[in-house]
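A short write-up of the structure that comes next.
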Amino acid sequence: MNLTEQVYKKMRKEILNGELEPGLRLTEIKLAERYQISRTPVREALVRLKNEGLVYFEPGNGLVVSDTSIRDMEELMGIRAVLEEYALDQAFDNVNEADLLQLELFVKQSKYYLGENDVKAIFENNTKFHNYILEKSLNKRLQTILRNLMDPILRFRIATLHYPGNSEGSIERHERLIQALKNKDRNL
């Protein structure tokens, strides 16, 4: 992995987990100092982040970390729901017994993490569950679209991790999805 790719992944992770906060002004010089590298890989990484919508150009301020409004989230979550339903429909014919066991393991792990009050682990496990079903859709374009859509959603979900009931509801939905896959019941 080259230096540009490394700094891109580092900055992307820091934006998504909130270390680089929305509204923060980003300069090549400060970022190069922060990561102890030259400005060129930073500049190239910023171009990629801008293309993904994680940063934007603000006249007079330069590049700024994007924020996501409630309206943005509502729109993105609606699109995500439709696309995930389509992915699930495509996955129905590709899921075997081993896949069902893996999905059940994700749910079992989430329940354990819930008992430990480890919200971050539940979140990571939830993401694995959804990615697993997405992979079983065998639709590469859909996978790419959904993964790109998840970046701004991910920031919002991280910010709301500790809301009461979020984790329990997610686990219950996953259990219903597994049951539907077992029964080949597309009418969830």
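Start counting the sequence shown at -16; every next residue gets the next number (the numbering used here).
All C-beta atoms in this analysis are idealised placements derived from N, C-alpha and C, irrespective of residue type, glycine included.
The structure presented is a predicted model; accordingly, all values stated were derived computationally and were not measured.
(request) Going by CA-CA distance only, name the one from Glu(-12), Glu118 and Asn34 that's closest to Gln85. (result) On the sequence shown, position 102 is the one that residue 85 refers to. Among Glu(-12), Glu118 and Asn34, the Cα nearest to that of Gln85 is on Glu118.
(message) Can you give me the C-alpha to C-alpha distance between Met60 and Val102, rounded to a whole angstrom?
(response) To locate residue 60, count along the sequence shown from 1; it is residue 77. To locate residue 102, count along the sequence shown from 1; it is residue 119. Each residue's Cα considered, the two are about 20 Å apart.
(request) Output the distance between the C-alpha atoms of Phe40 and Ala81, rounded to the nearest integer angstrom. (result) Working through the sequence shown from its first residue, we reach residue 40 at position 57. Working through the sequence shown from its first residue, we reach residue 81 at position 98. Straight-line measurement puts the Cα of Ala81 at about 47 Å from the Cα of Phe40.
(message) Using the Cβ count rule (16 or more neighbours within 10 Å means buried), how would you classify Ile12?
(response) Reading the sequence shown from its first residue, position 29 is the one you call residue 12. Exposed is the call here.
(request) Can you say whether Tyr(-9) is buried or exposed, counting buried as having 16 or more other CB atoms within 10 angstroms of its CB? (result) In the sequence shown, residue -9 corresponds to position 8, counting from 1. Around the beta carbon of Tyr(-9), a 10 Å sphere encloses 16 or more other beta carbons of the protein chains shown; the residue is thus reported as buried.
(request) Taking 8 Å as the cut-off, decide whether the C-beta atoms of Leu7 and Val25 are in contact. (result) Within the sequence shown, the letter at position 24 stands for residue 7. Within the sequence shown, the letter at position 42 stands for residue 25. Contact: no.
(message) Looking only at its chain, what residues have a beta carbon closer than 8 Å to the beta carbon of Ser153, apart from the 5 residues adjacent to it on each side?
(response) Reading the sequence shown from its first residue, position 170 is the one you call residue 153. If we look at Ser153 and ignore the five residues flanking it on each side, its Cβ neighbours are Ser93, Ile105 and Asn109.
(request) Compare the C-alpha of Val48 against each of Glu58, Leu32 and Lys123 and name the closest. (result) Here residue 48 refers to the residue found at position 65 when the sequence shown is read from its first residue. The shortest CA-to-CA distance from Val48 to any of Glu58, Leu32 and Lys123 is the one to Leu32.
(message) Could you give the first and the last residue of the continuous alpha helix (DSSP H) run that contains Ile3?
(response) Start at 1 with the first residue of the sequence shown, and residue 3 comes out as number 20. Reading off the sequence, residue 3 comes out as Leu, not Ile. Looking at the DSSP string, Leu3 is not in any alpha helix (DSSP H), and its letter there is neither H nor E.
(request) Taking the CB atoms as reference points, tell me whether Leu46 and Leu66 lie closer together than 8 Å. (result) As a position in the sequence shown, residue 46 is number 63, starting the count at 1. As a position in the sequence shown, residue 66 is number 83, starting the count at 1. Cβ distance not < 8 Å, so Leu46 and Leu66 don't count as in contact.
(request) Could you spell out the range, first to last residue, of the alpha helix (DSSP H) harbouring Phe112? (result) Here residue 112 refers to the residue found at position 129 of the sequence shown. Residues Val102 to Lys119.
(message) Using a Cβ-Cβ cutoff of less than 7 Å, which residues in the same chain neighbour Arg169 once the five nearest sequence positions on both sides are dropped?
(response) To locate residue 169, count along the sequence shown from 1; it is residue 186. Only Asp72 and Phe75 meet the Cβ criterion.
(message) Please state whether the Cβ-Cβ distance between Leu121 and Arg63 is less than 8 Å.
(response) Taking the first residue of the sequence shown as 1, we reach residue 121 at position 138. Taking the first residue of the sequence shown as 1, we reach residue 63 at position 80. No, these two residues do not count as a Cβ contact at 8 Å.
(request) Return the chain-ordered list of same chain residues with a C-beta closer than 8 Å to the C-beta of Glu4, the five sequence neighbours on each side being excluded. (result) Working through the sequence shown from its first residue, we reach residue 4 at position 21. Around Glu4: Val48.
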